[in-house]
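Chains as they are written, first to last, in this note's numbering: chain G, 20 to 675; chain P, 2 to 364.
By construction, the Cβ of each residue, glycine as well, lies at the ideal position given by its N, Cα and C atoms.
Being a predicted model, the structure only gives us computed values, none of them experimental.
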């Protein structure tokens, strides 16, 4: 029967009670007795906790005493304890892949608790199927691959900065890639951070400087990751350095070029509120402090070249440059951007001048912003005497973003505080659905702001109108506490817009074969126990790209991702699961369907001896079986899930 | 929402605006000055300007901008402002007219000049009469009232010399008593009696009537007039911003006293045989009035359908843009003059402007 060298299978079946989780519903003794009647089963028993040390010892003893060569454990889901039992089997001298787990808990006792008889019958079916497969199991050898001792960090916001510094401080080489001219991300745009009111730039710039000075960090700013090939331990990364038209090795950041540049355009960093020149650094503390020419607006008048003088840093002929690096693991920290408030036209953003977004307000109130921190309204440049802040713009909205953006309540309370601080006689209204002040010190801050005289109205605004004469705004809402409609006339409106994943994430997500959740954010490996990993080995997540979070949570996740990303590197090698697709080259016609269906980029069609044959990269293959199912000639099988093994299970189910 | 980009036609002008919270830049095109020559179209480093309808293609019931600026491509650099020979484009930064690229010497200004030989000019004002814009004005230094004799004398007198022979003068004050221009000063001292005596003369008040000379009982006064070479009647004042370098003033000047330097060198060729006639669009759009329909001087004489006076043409190319006939007008600019640094960008603009232009069939 067995294909493993003709050795007769001697199967041991171990039925777990899982306390009362299984035994409370399923008659485990009866199942064990039933197992003894199955072909090739030479030993069967039950035990209260198979995963406990005594339980595992029971399996080891049975292997020795009964000379078992196949083990079936009927217990919980293999997602929880498959590795535990494989190790047990291995410790007893068997190949760990001569083990099969039948799930009689999640797929049985938990869902059939009202019907113990049927549950017991189903447990028997599941055990019979597992035994049928166990009979055909083959020993597999895991492979080891060395790990490149370097990490790629994509995105230079606070998440990418924190992860890079943690890794670099462990002595690991880091390649930090940022698409903008400077690192700093969205955090460097902020004025103060809630609830402590620390100046955002003051706490972030030291870290930015550390990044630029750290001997273990190579910073590629104004660069993009364009191609990633390989697998955990051995990723080949192609980075495209976009031309700055300024030589990084020569520019001293003196700024004489920008002084003479005759072209003034809106600064993206200030979200269009303030100006910059066609040759620019986005903000004074930029890292690297290297100027960049915006060729969309530069007219090549040459004034900057003259001003730069002997440094000769400006090079109009600079071309995009490709850099190839090898890394062992990758951290994605591509961050967020604001929901486009124009998609809620009832709030008038883009239509009425005095409706601004929360991030624009951050630049407005920022001492390094275009107005030097003076709060003014766009239509006339005068300080507003009344401001309404609308929460949940886009967020918690079935027509836009169904999720909560998690930061808007707190930053809006902060904005209200800042307006009160700078314009004490201003009326500030916050229109909210709920205030979610869940973090440390957040509720206290909420109370403080309420005592500062900010008026909180519980209700979502329905629409905003502009008085064309005064450019004031009329906000209509329902006060749900009073059950009455309210109408406020204010001089400025701030929309607390929700967050969406940065659109630049999508090409990176595709290149890395990582998945996303329905909200568009990147999907973590496990929402509770592994929130900083992806389903792709060796690729980790940090910050807002995984979901909305505030700065403390972002920093914590970044440090967690750095720690996780360093594990394979510190181990020096990784073991690759041998449950992978296997190509029978005699049957393969080289049609390439497998390559097109593989979600991990693990299958490629290559020329072998003049013929096209599918090849599987075992390190990238996750053993999902898509290729095997799609292969029209049956040339691809997945080891440990071979056709005959699966069909034997089906037969066992139907013939029992 | 900021930044705000806007383009609007407002009262004979097109305003292209980029508004930020602290800076507003406006490119303003004066439709009364723009002739649609297309020099800005060729000069714009961002290719943000395109030619609109000119001449035959447009019936000007409402103002149709002859050039169209794409506000999303415009860098507000001001090269078009520097290049427009008609002063039709202006750049305003926060409301102030300003062209940073010229101030920083990153680009020169289009050069043109009017020189008037003052020795030859008789201030006849014919040049002012023929000027198509307000580039020349005649300023006359005439007395405000005709009876102002002193002012009249000033027109011809460089200076008036008034001499008193103090050996003869008795300080009788007859002269000063009849004339405002003369004052006789006598100073007494208790110790020495009469110590100081002067006859003071104010040239500004003298009308050169010479009565003082004649009335003096001692014949002590002598008065002489130093006349100007040319009477000081006035001058022609130039305004280069308005000048389009058409040279009509040069042609008109009876004394050959005016020299105009044009911004462009080259030639314009009218292939009259290709012109179908009866259209005269080129005549209408020509800002210099250089194009004309030749008239036969005697019965039966054959004249070309269209012709140009090369002396008056300033090679702007408005006629080429407007002419609806393939190959009827050819413009070959050979050189462009500038005032200021000849930067690489300027050289690139010159290269574009010196490519030959030929009129094209409409549509």
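Rounded to whole angstroms, what's the CA-CA distance from residue i to residue j? Just pull it up for me.
| i | j | result |
| --- | --- | --- |
| residue 188(G) | residue 110(P) | 58 Å |
| residue 177(G) | residue 334(P) | 58 Å |
| residue 151(G) | residue 62(G) | 15 Å |
| residue 23(G) | residue 537(G) | At residue 23(G), the pLDDT of 45 sits below 50, so the modelled position is not reliable; the number obtained from the coordinates is stated separately. Using only the alpha carbons, I get a separation of about 44 Å. |
| residue 206(G) | residue 412(G) | 20 Å |
| residue 314(P) | residue 297(G) | 38 Å |
| residue 10(P) | residue 16(P) | 6 Å |
| residue 21(G) | residue 65(G) | Residue confidence is low: residue 21(G) scores 35 on pLDDT, short of 50, so the model does not pin down where it sits. No coordinate-derived value is stated. |
| residue 503(G) | residue 410(G) | 19 Å |
| residue 124(G) | residue 36(G) | 9 Å |
| residue 394(G) | residue 76(P) | 28 Å |
| residue 350(G) | residue 611(G) | 31 Å |
| residue 13(G) | residue 343(G) | An answer regarding residue 13(G) cannot be provided, because it is not within the stretch 20 to 675 covered by chain G. |
| residue 493(G) | residue 470(G) | 25 Å |
| residue 126(P) | residue 288(P) | 21 Å |
| residue 169(G) | residue 247(G) | 14 Å |
| residue 74(G) | residue 153(G) | 20 Å |
| residue 57(G) | residue 647(G) | 30 Å |
| residue 579(G) | residue 157(G) | 37 Å |
| residue 649(G) | residue 620(G) | 15 Å |
Contact check, residue i vs residue j under 8 Å by CB: the rounded distance?
| i | j | result |
| --- | --- | --- |
| residue 227(G) | residue 355(G) | Going by Cβ atoms, the distance from residue 227(G) to residue 355(G) rounds to 19 Å, so no, they are not a contact pair. |
| residue 351(P) | residue 318(G) | So it is not a contact: roughly 15 Å between Cβ atoms. |
| residue 175(P) | residue 216(P) | 6 Å |
| residue 513(G) | residue 377(G) | 6 Å |
| residue 601(G) | residue 666(G) | Not quite, the Cβ-Cβ distance comes to about 17 Å (not below 8 Å), so this is no contact. |
| residue 68(P) | residue 52(P) | 6 Å |
| residue 297(P) | residue 86(P) | At roughly 34 Å, the Cβ-Cβ gap does not stay under 8 Å, so residue 297(P) and residue 86(P) are not in contact. |
| residue 642(G) | residue 593(G) | No, residue 642(G) and residue 593(G) are not in contact; Cβ-Cβ is about 16 Å, not under 8 Å. |
| residue 624(G) | residue 632(G) | 7 Å |
| residue 164(P) | residue 223(P) | 5 Å |
| residue 323(G) | residue 279(G) | 7 Å |
| residue 261(G) | residue 165(G) | In fact, because the Cβ distance is near 33 Å, the residues do not count as touching under 8 Å. |
| residue 319(P) | residue 286(P) | 5 Å |
With respect to the beta strand (DSSP E) encompassing residue i, which residues constitute its N-terminal and C-terminal limits?
| i | result |
| --- | --- |
| residue 484(G) | 480 to 485 |
| residue 380(G) | No beta strand (DSSP E) holds residue 380(G); the alpha helix (DSSP H) holding it covers 377 to 384. |
| residue 474(G) | 474 to 477 |
| residue 178(P) | Taken as a continuous stretch (DSSP letters only), residue 178(P) belongs to no beta strand (DSSP E), being part of the alpha helix (DSSP H) at 175 to 179. |
| residue 511(G) | 511 to 516 |
| residue 52(P) | 50 to 52 |
| residue 125(G) | That residue, residue 125(G), is in no beta strand (DSSP E); it is neither H nor E in DSSP. |
| residue 269(P) | 265 to 271 |
Would you list the one or two residues that DSSP bridges to residue i?
| i | result |
| --- | --- |
| residue 31(P) | 14(P) |
| residue 116(P) | 260(P) |
| residue 623(G) | 634(G) |
| residue 217(G) | 212(G) |
Between which two residues does the alpha helix (DSSP H) carrying residue i extend?
| i | result |
| --- | --- |
| residue 164(G) | Note, residue 164(G): premise wrong, no alpha helix (DSSP H); beta strand (DSSP E) at 162 to 165. |
| residue 469(G) | 461 to 470 |
| residue 135(G) | 135 to 155 |
| residue 74(G) | 72 to 85 |
| residue 104(G) | 97 to 110 |
Under 8 Å between C-beta atoms, does residue i make it to chain C?
| i | result |
| --- | --- |
| residue 516(G) | Protein chains G and P are contained in the structure displayed, whereas chain C is not. |
Does the region 118 to 136 of chain G come close enough to the region 43 to 53 of chain G to have 3 or more Cβ pairs within less than 8 Å? Taking a cut-off of 8 Å for Cβ pairs, the region 118 to 136 of chain G and the region 43 to 53 of chain G touch, as three or more such pairs fall below it.
Answer yes if the region 465 to 484 of chain G comes into contact with the region 433 to 451 of chain G, meaning at least three C-beta pairs across the two stretches below 8 Å, and no otherwise. yes
Contact between the region 270 to 284 of chain P and the region 125 to 145 of chain P (3+ Cβ pairs under 8 Å): no
Flag this pair as touching only if the region 175 to 191 of chain P and the region 205 to 220 of chain P have three or more C-beta atom pairs under 8 Å; answer yes or no. yes
Taking three-plus beta-carbon pairs below 8 Å as touching, is the region 553 to 562 of chain G in contact with the region 178 to 187 of chain G? yes
Closer than 8 Å is the cut-off here; do at least three beta carbon pairs connect the region 107 to 117 of chain G with the region 81 to 92 of chain G? Result yes; three or more Cβ-Cβ pairs closer than 8 Å.
Is the number of C-beta pairs between the region 98 to 113 of chain P and the region 338 to 352 of chain P that are closer than 8 Å three or more? yes
Three or more C-beta pairs below 8 Å linking the region 459 to 470 of chain G and the region 197 to 215 of chain G: yes
Hey, is the region 311 to 329 of chain P in contact with the region 246 to 263 of chain P, meaning 3+ C-beta pairs nearer than 8 Å? Verdict: yes, contact present.
At least 3 beta-carbon pairs within less than 8 Å: the region 226 to 235 of chain P vs the region 148 to 161 of chain P: yes
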